[in-house]
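Under the numbering used here, the first residue of the sequence shown is numbered 149, with each subsequent residue one higher. Idealized CB from N, CA, C, for every residue including glycine. Let me begin by presenting the structure, written as structure tokens, before commenting on it.
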Amino acid sequence: MDTKPTKKLEKDEQFLDHTLRPTAWDEYIGQQNIKQNLQILLQAAKERNHPAEHVLFYGPPGLGKTTLAHLIAKETGRQMKITSGPAIEKVGDLASILTNLSPGDILFIDEIHRLNKMVEEILYPAMESGILDIIIGKGPSARTIQLDLPPFTLVAATTRIALLSAPLRSRFSGGVFRLEFYSEKEIADIVKRSAKILGIALDADAIGEIAKRSRFTPRTANYFLKRCRDYAQVHKKDLDKKTVFLALSLLGIDELGLSESDRAILTTIIEKFDGGPVGLNTIAAATSEEEATIEEVVEPYLIQRGLLDRTSRGRVVTKKGYEHLGFEAPTTQEKLI
Numbered sequence: 149m150d151t152k153p154t155k156k157l158e159k160d161e162q163f164l165d166h167t168l169r170p171t172a173w174d175e176y177i178g179q180q181n182i183k184q185n186l187q188i189l190l191q192a193a194k195e196r197n198h199p200a201e202h203v204l205f206y207g208p209p210g211l212g213k214t215t216l217a218h219l220i221a222k223e224t225g226r227q228m229k230i231t232s233g234p235a236i237e238k239v240g241d242l243a244s245i246l247t248n249l250s251p252g253d254i255l256f257i258d259e260i261h262r263l264n265k266m267v268e269e270i271l272y273p274a275m276e277s278g279i280l281d282i283i284i285g286k287g288p289s290a291r292t293i294q295l296d297l298p299p300f301t302l303v304a305a306t307t308r309i310a311l312l313s314a315p316l317r318s319r320f321s322g323g324v325f326r327l328e329f330y331s332e333k334e335i336a337d338i339v340k341r342s343a344k345i346l347g348i349a350l351d352a353d354a355i356g357e358i359a360k361r362s363r364f365t366p367r368t369a370n371y372f373l374k375r376c377r378d379y380a381q382v383h384k385k386d387l388d389k390k391t392v393f394l395a396l397s398l399l400g401i402d403e404l405g406l407s408e409s410d411r412a413i414l415t416t417i418i419e420k421f422d423g424g425p426v427g428l429n430t431i432a433a434a435t436s437e438e439e440a441t442i443e444e445v446v447e448p449y450l451i452q453r454g455l456l457d458r459t460s461r462g463r464v465v466t467k468k469g470y471e472h473l474g475f476e477a478p479t480t481q482e483k484l485i
């Protein structure tokens, strides 16, 4: 089987994602507080002729953590080396990366919460003192050598900050920043910018329809924009509100941005467990979804939309959740916590 066309499509998709990524602070929409703090941090470091201090970004996927890392490298005019927590399996892997950095380089570690604990401990002195401690040999003949590292800036990202150890979090002296979900207006501005870059003509109503369903997340908005473009191209239609509605309906996305799996989870809680409360592991078993997927991907948006509540006794579908799915809400207060 010829896999070349598939590989080309994947490469083209990655190229599009890279093209849509902002390359200047003015192009980065949203997260104003973080942008202002970073601009001050980088400007101060530049005036002192020092590398910027280490920074950590956390928040749900698709909000722009990697983009901020690229902007930091762009702003400082430095090279950025990119890796991830799972990719650094051994101490030697980290040592190889750190010793190959040039002075002032940016090291970006994505999903840093998945770092091996032994690797994490080697990272502490590297971040604090610019020293790499390596143990050579085993047993009584083992000895420790110290290598001086070039000054560098560690930029890290995680979707699960609770899994980061306190000692590691405390070493991000430049700041720990939480990325918030975007407003509908900000998402609309992002869609408008992406459409201009991709050469897509769409009206304000179509932009608003994509923004409304994008789960307040830029990555999702850009994904929907590309799929709507494909639908309009194949069906020879103008990319208006009706075309967006048809394209996203085909993807199973409703007017609130809920996917089929989102609706299935809410429906299961209502039909099988009388709307809750019900535990996470029970929901996972009933829907054949992984607990981590429900807790990290599905739940946050449902809670933010006011469709689901997470209580000490379990998950409960709200009155709004009942109404959105077309069910009659229970009248007892206990079921509508």
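At a cut of 8 Å, does the segment 205 to 216 reach the segment 237 to 244 through at least three beta carbon pairs?
-> no
Every unbroken alpha helix (DSSP H) inside the segment 392 to 465 [4 residues or more] = 408 to 421, 428 to 435, 447 to 452
Report back the beta-carbon spacing between T307 and E444 to the nearest angstrom; my notes put them in contact at under 8 Å.
-> 7 Å
Euclidean distance between Cα positions of E269 and E223 | 30 Å
Is it buried or exposed for S460, if we count other Cβ within 10 angstroms and need 16 for buried?
-> exposed
Neighbourhood of S232 by C-beta distance below 6 Å, restricted to the same chain and skipping five residues each side = D258, E259
Quick one: give me the first and last residue of the beta strand (DSSP E) that A304 is part of.
-> 301 to 306
Cα-Cα separation between K238 and V303, rounded to whole angstroms | 20 Å
Report the option in S409, R169, V464, R458 whose CA atom is closest to the CA atom of S436.
-> S409
Can you check whether the CB of S342 is closer than 9 Å to the CB of L311?
-> no
Which residues in the same chain as K390 place their Cβ atom closer than 7 Å to its Cβ, once the five residues preceding and following it in sequence are excluded?
-> none
DSSP three-state call for S313: helix, strand or coil?
-> coil
Under the assumption that G322 contacts E201 (Cβ atoms under 8 Å), give the Cβ distance between them as a whole number of angstroms.
-> 3 Å
Measure from the alpha carbon of G278 to the alpha carbon of each residue in R317, L404, P298, then state which is nearest.
-> P298
Helix, strand or coil: how does DSSP classify I260 here?
-> helix
Using the C-alpha atoms, what's the distance from E447 back to I418?
-> 15 Å
Where K360 and K467 are concerned, what is the direct C-alpha to C-alpha distance, given to the nearest angstrom?
-> 21 Å
Can you tell me which of the three DSSP states F372 falls into?
-> helix
So I236 packs on V267, CB below 8 Å; how close in whole Å?
-> 5 Å
From K183 to A432, what distance separates their C-alpha atoms?
-> 38 Å
Whole-angstrom C-beta distance between R377 and L387, which should lie under 8 Å | 7 Å
Limits of the unbroken beta strand (DSSP E) element including S232 | 228 to 232
Going by other Cβ atoms of all chains shown within 10 Å of its Cβ, with 16 needed for buried, is G178 buried or exposed?
-> buried
Give me the Cα-Cα distance between E476 and Y470, rounded to the nearest whole angstrom.
-> 6 Å
Backbone secondary structure at L216 - three-state DSSP | helix
Mind checking H383: buried by the 16 CB within 10 Å criterion, or exposed?
-> exposed
Could I get the ranges of all uninterrupted alpha helix (DSSP H) runs contained in the segment 166 to 212, with 4 residues as the minimum, in chain order?
-> 180 to 196
Under 9 Å between C-beta atoms of I442 and L428 | yes
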